[in-house]
Amino acid sequence: MALYAITLGGTYIYDDSFLIGLDERVQHPKLWGQFWTHDYFNGAIDNLYRPLVSQSYGLQWWVHGNRPWAFHLVNLLLNAGVCALVAELGRRLLDWRVGLIAGLLFAAHPVHAEAVAGVVGRAELACAAGALGAMVLFLKRPITTRRAVSIFILCLIAMLSKEQGMLMPALLVALLPVRRGLLATEGERTPEQRHAERQAMLLMFALVIWTVGGVIVLREEVLHLKFEWDRGFLDVAMQPMIQSPRLDRWLIPVALLGRYFQLLVMPLKLSLDYGLAVIGPTIRLADPSLWLGAMVLMGWIAGLCVSVARRNWTAGFCLVAMALTYSMASNVVIIAAIFGERLMYLPSVFFVILAAMAMVRLRPRVWGILLAILLALGSIRTWTYVRRWNDRDAFYEYSLREQPKSLKIHLLVAFADYEEGRLAESRRSMDDAISIYPDYWELWKMQALIDMKAGEWNRAVADWQRTFDLHPAGTVNEQLEKAMQMRDEERATTRGGK
């Protein structure tokens, strides 16, 4: 909590503005029902369904209005709860030392900064809280009917907060060997106790599995929020893989795995965006991320084989859980974004538990010193990065210096200047972005908006025409016609004056 307390002075960054400031459902309780019947972004290209998170935004706005610090406070508290759950899960999986190390490493890890400092990161936080809470309860003996229902409710919270929550049946099944091993050390139980626990366990799995099925049917057949993304609606700036040749289509996910592993081990450079042209639709065989990803994949397979051979079910569970929760962000099946730090929030739980299991094999003094060093380095990097989120414009400028090829960050900087009337600076940002990738329609749209605000109607018509050529949408055509009308009126006025 102390590490992220500085976020209370923050504001809305990137998608925060859209999901809170511009979404009418948040501000009007009469529209709250649409949280449960419409997509997360309310009509955008994203086939996301996170009604519980959206509902929390609406409830907060109703209670305290437009106060960014209050939204950040809820995120801070949720993250603190998740850190405690990581520590408790580590303790129940092995012992208090693993719990202590894992909880502290998770709390200080810089890769979590985006999920906590950005209000929209609440989806990651709430999903992790529900999932970890369910796993912690699942490891407690015995499974009673009340505990089974509690686990189901926590799983439901995870499912309605983020798509990873639908992995809960698989995660609980993966946890069964660990649970059996723990129970074997607790003594014999009577036949009546075993029967009662078996019935409660069946009830729990029935509730969780049927609910996952119900959520899938609701999304696919009722709300038409398909899990398989239509490539025609994906944004190339966010997901360059829609333009990848066949071989690159399968090599890039391996390179992404290498990038994520590098962030987990050495999070020196953090960024708000990793889209085009930071990560492109093709990949070079000399790219170190590709070979690092291949080594990580082979290491995971070897680690899983060794864990099964030695019946080390705790390590095996962590490896399986890390792979399951990462699978949805891996882009083996293409999603809306090619890469994002917040996507590693839940998978990193099992990474730090594995790291803690390795550290406790050292002598206490050695792992104590190592933990202190890692905490100091992680806390410094986290705090210095998170504090930048409090000033939107300065943060965008910093992000652009870190990722000068990011088209999305160029757009964010340009729009901030556009809002403040700094049209020359806004145009300069767009000129730089267009020189990097001239075929992205959003750049020309932003350029056209700048032209219109500056009253340069000839340029506006040309830029809107370019936008329409790249993205022939009805709304773009309307803006083109409006610009042409204003240009003609200006010409008529000029001729009349002469």
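This note's numbering puts the first residue of the sequence shown at 20, with every later residue one more than the last. Each residue gets a CB set at the ideal place from its N, CA and C atoms; glycine is no exception.
Query: Could you give the distance in angstroms between the alpha-carbon of A24 and the alpha-carbon of N85?; Result: 19 Å
Query: Does DSSP put S290 in a helix, a strand or coil?; Result: coil
Query: Would you kindly work out how many angstroms separate the C-alpha atoms of Y76 and E509, rounded to a whole number?; Result: 45 Å
Query: Using only alpha-carbon positions, find the residue among F54, P161, D451 and M154 that is nearest to R525.; Result: What the structure shows of the chain is the stretch from 20 to 517, and residue 525 is not part of that stretch, so it cannot be assessed.
Query: Check whether the Cβ of A452 lies closer than 7 Å to any heavy atom of the ligand MG, and answer yes or no.; Result: Absent from the structure shown: the ligand MG. Ligands present: none.
Query: Classify S367 as helix, strand or coil using the three-state DSSP reduction.; Result: helix
Query: Rounded to the nearest angstrom, what separates Y456 and R380 at their Cα positions?; Result: 50 Å
Query: State the CB to CB distance for the pair Y130 and L237, rounded to an integer number of angstroms; the pair is presumed to be in contact (CB under 8 Å).; Result: In the sequence under discussion, the amino acid at residue 130 is Val, which differs from the Tyr named in the question. Rounded, the Cβ-Cβ distance is 32 Å, inconsistent with contact.
Query: Where does A153 land, buried or exposed, given buried means 16+ other C-beta within 10 angstroms?; Result: buried
Query: Do F54 and Q74 come within 8 Å of each other at the CB atom, strictly closer than that value?; Result: yes
Query: Can you list, in chain order, the stretches of the beta strand (DSSP E) that have 3 or more residues and sit fully within the segment 324 to 396?; Result: none
Query: For L50, collect the residues of the same chain with a Cβ closer than 7 Å to its Cβ; drop the 5 residues on either side in sequence, then sort them by chain order.; Result: E43 and R44
Query: Determine whether the beta carbon atoms of V432 and L419 lie at a separation below 8 Å.; Result: yes
Query: So does the segment 132 to 149 actually touch the segment 94 to 106, counting three or more Cβ pairs closer than 8 Å?; Result: yes
Query: Report all residues from its chain with a CB closer than 6 Å to the CB of E216; omit the five preceding and five following residues, and keep chain order.; Result: P161 and I162
Query: In angstroms, rounded to a whole number, what distance separates the CA positions of A384 and F125?; Result: Reading the sequence as shown, one finds Arg at residue 384 and not Ala. Going by the C-alpha atoms only, they are around 21 Å apart.
Query: Buried or exposed for I11, please, with buried defined as at least 16 other CB atoms from any protein chain shown within 10 angstroms of its CB.; Result: An answer regarding residue 11 cannot be provided, because it is not within the stretch 20 to 517 covered by the chain.
Query: Quick one: grab the DSSP three-state call for K427.; Result: helix
Query: Is D410 close to chain B? Criterion is C-beta to C-beta, closer than 8 Å.; Result: Included in the structure is just one protein chain, with no chain B present.
Query: Could you give the C-beta distance for A177 and G149, rounded to a whole number, given that I count them as a contact under 8 Å?; Result: 3 Å
Query: Tell me the residue span of the alpha helix (DSSP H) that contains Q53.; Result: Q53 to T56
Query: Taking the alpha-carbon of F37 as reference, which of G62, V101 and A321 has the nearest alpha-carbon?; Result: G62
Query: Going by CA-CA distance only, name the one from M465, D458 and R407 that's closest to A435.; Result: M465
Query: Along the chain, where does the alpha helix (DSSP H) containing M223 start, and where does it finish?; Result: P210 to V236
Query: Give the list of continuous alpha helix (DSSP H) stretches no shorter than 4 residues that lie fully inside the segment 440 to 490.; Result: 442 to 455, 460 to 473 and 476 to 489
Query: Can you give the beta carbon distance from D458 to L489, rounded, assuming they're within the 8 Å contact cut?; Result: 6 Å
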